[in-house]
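When we follow my numbering, the leftmost residue of the sequence shown carries the number -13, and every step to the right adds one. Heads up, the beta-carbon is just placed ideally off N, CA and C, and yes, glycines get one too. Nothing here was measured: the structure is a model prediction, and the numbers come from that model. One structure below.
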Amino acid sequence: MKITEAQVEHVAKLARLHLTAQEKQRLTAEMVNIIAFADKLNELDTSGVEATAHAIPIHNVFREDVVYPSYDREKLLVNAPSSEEGCILVPKVVE
């Protein structure tokens, strides 16, 4: 696949980057090399390789939820400037 300077300009514009002519030429050459490297992967014979999302098996390790003693709500709310029904009252922020 051939990358053109116009394509590099388009991507730079989308990324809101201002590139000099020299930078455009350099990036065009670099992108051509990157695409050529990625095209080499198409030469690999992967017919016997099973498709996977991860190279190694991944599984979640869950723990049991355990209830621990907590602070007394009433004692904590004593420090709040204002509270109601076990909750801290704060000034309204959004109308």
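Straight-line gap, residue i to residue j (C-alpha atoms, nearest Å)
{"i": "valine 64", "j": "alanine 37", "result": "59 Å"}
{"i": "leucine 75", "j": "tyrosine 57", "result": "19 Å"}
{"i": "serine 68", "j": "proline 55", "result": "25 Å"}
{"i": "alanine -2", "j": "alanine 22", "result": "21 Å"}
{"i": "alanine -8", "j": "asparagine 19", "result": "17 Å"}
{"i": "valine 47", "j": "valine 35", "result": "28 Å"}
{"i": "leucine 62", "j": "glutamate 70", "result": "13 Å"}
Under the three-state DSSP convention, the category residue i falls into
{"i": "glutamate 81", "result": "coil"}
{"i": "glutamate 60", "result": "helix"}
{"i": "glutamate 29", "result": "helix"}
{"i": "serine 69", "result": "strand"}
{"i": "isoleucine 42", "result": "coil"}
Extent of the continuous alpha helix (DSSP H) run through residue i
{"i": "histidine -4", "result": "-9 to 0"}
{"i": "phenylalanine 23", "result": "7 to 26"}
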